[in-house]
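Below is one structure, written out as structure tokens; the observations come after it.
Protein chains: 2
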Amino acid sequence: MSRAVDVPALVEQARAGAPRAVARLISLVESAHPALREVMAALMPHTGHAHVIGITGSPGAGKSTTTNMLVTQLRRAGKRVGVLAVDPSSPFSGGALLGDRIRMGDHASDPGVFIRSMASRGHLGGLSWSTPQALRVLDAAGCDVIIVETVGVGQSEVEIAGLADTTIVLLVPGMGDGIQAAKAGILEIGDVFVVNKADRDGADATVRDIRHMIAMSDRTEPGRWRPPVLKTVAARLEGGAEVVAALDEHAAWMTANGTLHRRRVARAVNEVEALVLAELRSRMGDLREGHRVEEQAAAVVERRTDPYSAADRVLAALN
Amino acid sequence: MSRAVDVPALVEQARAGAPRAVARLISLVESAHPALREVMAALMPHTGHAHVIGITGSPGAGKSTTTNMLVTQLRRAGKRVGVLAVDPSSPFSGGALLGDRIRMGDHASDPGVFIRSMASRGHLGGLSWSTPQALRVLDAAGCDVIIVETVGVGQSEVEIAGLADTTIVLLVPGMGDGIQAAKAGILEIGDVFVVNKADRDGADATVRDIRHMIAMSDRTEPGRWRPPVLKTVAARLEGGAEVVAALDEHAAWMTANGTLHRRRVARAVNEVEALVLAELRSRMGDLREGHRVEEQAAAVVERRTDPYSAADRVLAALN
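Protein chains in written order, with the working numbering: chain A, 53 to 371; chain B, 53 to 371.
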């Protein structure tokens, strides 16, 4: 049994910036709690303010140190910051939080910073609706900026681009990163490119590489955002101000020409569709429990009907 | 545009055993052709006869040579045989057919054997409904036995168990296969265990291992099928008769006690649910095309509604 949830009180506390209330709301998201519908409706009026930054890059590129650097820089400017580390590959949830607290040691005790890890808990397509919901919690809690970092591998770079207003692609000097990025489709998703560990040999060459790839791409067309390529040494907090300036510039550009609204609508399309599919799966589960699907399946096996007609009847029962 | 399909003629030809008609029907399945509904309805009365054998095992265990041996054995007994090689990892379809024809060279020109490869073509959940449909085509074409072999990796062992009436788990001597099998859950899905390449050292030890694992499991409970553990050298066609005898015995046991019907109903449940989800995805795609989801998503972004209410409206429009 789930504990009863006093949604209005929790939302009020979260809006006032109480970390426990924020954490509890994100836990509700993570566990697909039945109160979520009420939670989201209550949060809605207080959302739309936060600038959502996605940060992606290969393992070892320094995603966590870069996040740490950006948080430092944003805090200096008096911004309230949320950090959401999403791990699509992990079945574990909140547990990773501790690791993050240690990793993000500089900011763990700062009341102006919310740090949270979230796992998919294995529910299919779960991150498609749960990540936007967690972002909504942090947004309503007054975050000016939310940094989303994926920990997992694979498709996550592309997925993070779908979740964020602005996507930072993180690279390190060498390894023919320009070519790699082009191949991986990363060139297409980056709004700001950051060559981290820029005190290493080859940093300038990598910057030139990426600038060249951008110059050769369709991103130079009129009316399109031409992504800046910046250098940082995140471990020494070098270059953070320039990255934050670029993020602000991108946000202003997107707001002025309607790109921000379009991106957010596209994001909401994914969220709404994921909720629809989750609801349909749940209804199908209920039908299965009640042996309604089984009855139709038996009719197929006994050749009293065909699978499409059986599916039609299940569909009708879903409604 | 799809070519128009004369379904009654195709079904008639397939029932008469025309390989081209069978191949064409399976191609319709693979491409999710709109005529499939009519095809399946027309096939239904002629199905339910074939014994579906799943064959699974790690790469290198000799799945293809074992299939070849079983086909030889079954042909000697005058049985009509279908072979369906399913590759969930491949985006390619019929192309693999050629490879199979070569691989199954012994039987490529035998009119009593249908051999076909099928890929998922990347449609999500596609194999869940397309594999049962391809089996239905081969069944209606008069196959007495259909052997389903998965080429892919990962979850496919468990999935093949869901597709077949009888599942053969193929092992090779050595490598602590007994333990491996128990860990992989393979012990649970095997109806017949076959230690192939039994001319190698350690074959008897592997047989003992597996028998021991079975003896320790709940599969010795009264009323349960106790899986035999057999030795083969498939490349030399040795042991095929014993495997076919075990398959027949399992089929007779399942028919007598109702297990066959129960398994087939469980399989049809998966098929019907997969068809329902495919239909819902398709309707959602139509709604997206018509900007219905986008309208709702825009309302969420503009805080005129919440995501759950938006999902409710999309759900209502789906019906």
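Virtual Cβ for every residue (Gly too), placed ideally from N, Cα, C.
In this text the structure is predicted, and so the values were computed from the model without any measurement.
Based on the DSSP output, what are the partners of B/E90 in its beta bridges?
Here residue 90 of chain B corresponds to residue number 38 of the second sequence, with the count starting at 1. Paired residue(s): none; B/E90 is not in a bridge.
Under 9 Å between the Cβ atoms of B/F166 and B/A137?
The residue you call residue 166 of chain B lines up with position 114 of the second sequence. The residue you call residue 137 of chain B lines up with position 85 of the second sequence. No.
Would A/R340 and B/E325 be called neighbours here (beta carbons separated by less than 9 Å)?
Counting from one through the first sequence, the residue named residue 340 of chain A turns up at place 288. Counting from one through the second sequence, the residue named residue 325 of chain B turns up at place 273. Result yes, Cβ atoms of A/R340 and B/E325 sit closer than 9 Å.
Residue burial classification, B/R132 (beta-carbon count within 10 angstroms, cutoff 16)
Taking the first residue of the second sequence as position 1, residue 132 of chain B is located at position 80. Its Cβ being crowded by 16 or more others within 10 Å, B/R132 is buried.
Should the region 270-280 of chain B be regarded as contacting the region 316-323 of chain A, the criterion being three or more beta carbon pairs within less than 8 Å?
As far as the Cβ criterion goes, the region 270-280 of chain B does not touch the region 316-323 of chain A, which means the pair count is below three.
Burial state of A/H101, where buried means 16 or more other Cβ atoms lie within 10 Å
The sequence position of residue 101 of chain A within the first sequence is 49, counting from 1. Flag for A/H101 reads exposed.
If the criterion is Cβ atoms closer than 9 Å, does the pair B/V63 and B/A84 meet it?
Counting from 1 along the second sequence, the entry for residue 63 of chain B is found at position 11. Counting from 1 along the second sequence, the entry for residue 84 of chain B is found at position 32. Going by C-beta atoms, B/V63 is not nearer than 9 Å to B/A84.
Is it buried or exposed, A/T307, if we count other Cβ atoms within 10 angstroms and call 16 or more buried?
For the purposes of this step, residue 307 of chain A is taken as residue 255 along the first sequence, with counting starting at 1. Under this definition A/T307 is an exposed residue.
B/D243 vs B/I262 beta-carbon contact at 9 Å
Along the second sequence, one-based indexing puts residue 243 of chain B at 191. Along the second sequence, one-based indexing puts residue 262 of chain B at 210. Not in contact: B/D243 and B/I262 (Cβ atoms no closer than 9 Å).
In three-state DSSP terms, what is A/A137?
Numbered from 1 along the first sequence, position 85 holds the residue referred to as residue 137 of chain A. A/A137: strand per DSSP, three-state reduction.
Interface partners of B/L136 on chain A, CB under 7 Å:
Looking up residue 136 of chain B in the second sequence gives position 84. Going along chain A, no residue has its Cβ under 7 Å from B/L136, so there is no contact; the nearest lies around 17 Å.
Does B/T357 get closer than 9 Å to chain A when you measure Cβ to Cβ?
Here the question's residue 357 of chain B lines up with position 305 in the second sequence. So, interface residue.
Look up B/L223 in the DSSP assignment and give the residues it is bridged to.
The residue labelled residue 223 of chain B in the question sits at position 171 within the second sequence. Listed as beta-bridge partners of B/L223 by DSSP are B/V247.
Three or more C-beta pairs below 8 Å linking the region 294-304 of chain B and the region 329-337 of chain A:
no
Using a Cβ cut-off of 9 Å (strictly closer), state whether A/Q65 contacts chain B.
Taking the first sequence and counting its residues from 1, one reaches residue 65 of chain A at position 13. Not an interface residue.
What span of residues does the alpha helix (DSSP H) with B/V366 cover, start to end?
As a first step, residue 366 of chain B must be located in the second sequence, where it is residue number 314. First-last of the alpha helix (DSSP H) with B/V366: 359-370.
Could one say the Cβ of B/L77 lies closer than 9 Å to chain A's Cβ atoms, at least one of them?
By 1-based counting over the second sequence, the position of residue 77 of chain B is 25. B/L77 does not count as touching chain A.
List, in chain order, every chain B residue whose beta-carbon is nearer than 7 Å to that of A/H313.
To locate residue 313 of chain A, count along the first sequence from 1; it is residue 261. Listed along chain B are V353, each with a C-beta nearer than 7 Å to that of A/H313.
Simplified DSSP assignment, three categories, for B/H98
What you label residue 98 of chain B is simply residue 46 of the second sequence in a count that begins at 1. Helix, per DSSP.
Quick one: which chain A residues come within Cβ less than 8 Å of B/R316?
Here residue 316 of chain B refers to the residue found at position 264 of the second sequence. By Cβ distance, chain A contributes V353.
Quick check on the DSSP output: the alpha helix (DSSP H) that includes A/T307 runs from which residue to which?
In the first sequence, counting from the first residue as 1, residue 307 of chain A sits at position 255. Its alpha helix (DSSP H) spans residues 292-309.
Which residues in the same chain have their Cβ closer than 6 Å to the Cβ of A/V247, if we skip the five residues on either side of it in sequence?
Working through the first sequence from its first residue, we reach residue 247 of chain A at position 195. For A/V247, where only same-chain residues beyond five positions count, the Cβ hits under 6 Å are L223, A255, T258, V259, K283.
Segment limits, beta strand (DSSP E) that includes B/H103:
Along the second sequence, one-based indexing puts residue 103 of chain B at 51. Taken as a continuous stretch (DSSP letters only), the beta strand (DSSP E) holding B/H103 covers 103-109.
Positions along the region 79-91 of chain A whose CB lies within less than 8 Å of some CB in chain B:
L88, R89
Mind listing the chain A neighbours of B/A363? Cutoff is C-beta to C-beta under 7 Å, in chain order.
Numbered from 1 along the second sequence, position 311 holds the residue referred to as residue 363 of chain B. Going along chain A in sequence order, the residues near B/A363 (Cβ under 7 Å) are V324, L327, V328, E331.
Looking at the strands, I want to know which residues DSSP matches up with A/I199.
Mapped onto the first sequence, residue 199 of chain A falls at position 147. In DSSP, A/I199 forms a bridge with A/I105, A/V135.
Minimum Cβ-Cβ distance from A/S142 to chain B less than 9 Å:
Position 90 of the first sequence holds residue 142 of chain A. Here A/S142 scores only 48 on pLDDT, less than 50, and its place in the model should not be relied on; the value that follows carries that caveat. Taking 9 Å as the threshold, the shortest C-beta distance from A/S142 to chain B does not fall below it.
B/M170 bridges to which residues according to DSSP?
Taking the first residue of the second sequence as 1, we reach residue 170 of chain B at position 118. According to DSSP, B/M170 bridges with B/V138.
Residue-level contact to chain A via CB, B/V165, 9 Å cutoff:
For the purposes of this step, residue 165 of chain B is taken as residue 113 along the second sequence, with counting starting at 1. So no, B/V165 is outside the interface.
Along the beta strand (DSSP E) that carries A/L62, what are the first and last residues, could you check?
For the purposes of this step, residue 62 of chain A is taken as the residue at position 10 of the first sequence. Premise fails: A/L62 lies in the alpha helix (DSSP H), 59-67, not in any beta strand (DSSP E).
Three-way DSSP call (helix, strand, coil) for B/L289 in this model
Position 237 of the second sequence, counting from 1, holds the residue named residue 289 of chain B. Three-state result, B/L289: coil.
Report the rounded CA-to-CA distance for A/V91 versus B/R344, giving the unit in angstroms.
In the first sequence, the residue the question calls residue 91 of chain A occupies position 39. In the second sequence, the residue the question calls residue 344 of chain B occupies position 292. One C-alpha to the other measures close to 25 Å.
Closer than 8 Å by beta-carbon distance: list the chain A residues that pair up with B/L367, in chain order.
Translated into the one-based positions of the second sequence, residue 367 of chain B becomes position 315. By Cβ distance, chain A contributes V328, E331, L332.
Straight-line CA distance for A/T272 to A/E240?
If you number the first sequence from 1, residue 272 of chain A lands on position 220. If you number the first sequence from 1, residue 240 of chain A lands on position 188. Each residue's Cα considered, the two are about 12 Å apart.
At what residues does the alpha helix (DSSP H) containing A/D256 begin and finish?
Position 204 of the first sequence holds residue 256 of chain A. Element bounds for A/D256: 255-268.
Pull up the distance between the alpha-carbon of B/E331 and that of A/R365, whole angstroms please.
Walking along the second sequence from the start, residue 331 of chain B turns up at place 279. Walking along the first sequence from the start, residue 365 of chain A turns up at place 313. Cα to Cα, B/E331 sits roughly 12 Å from A/R365.
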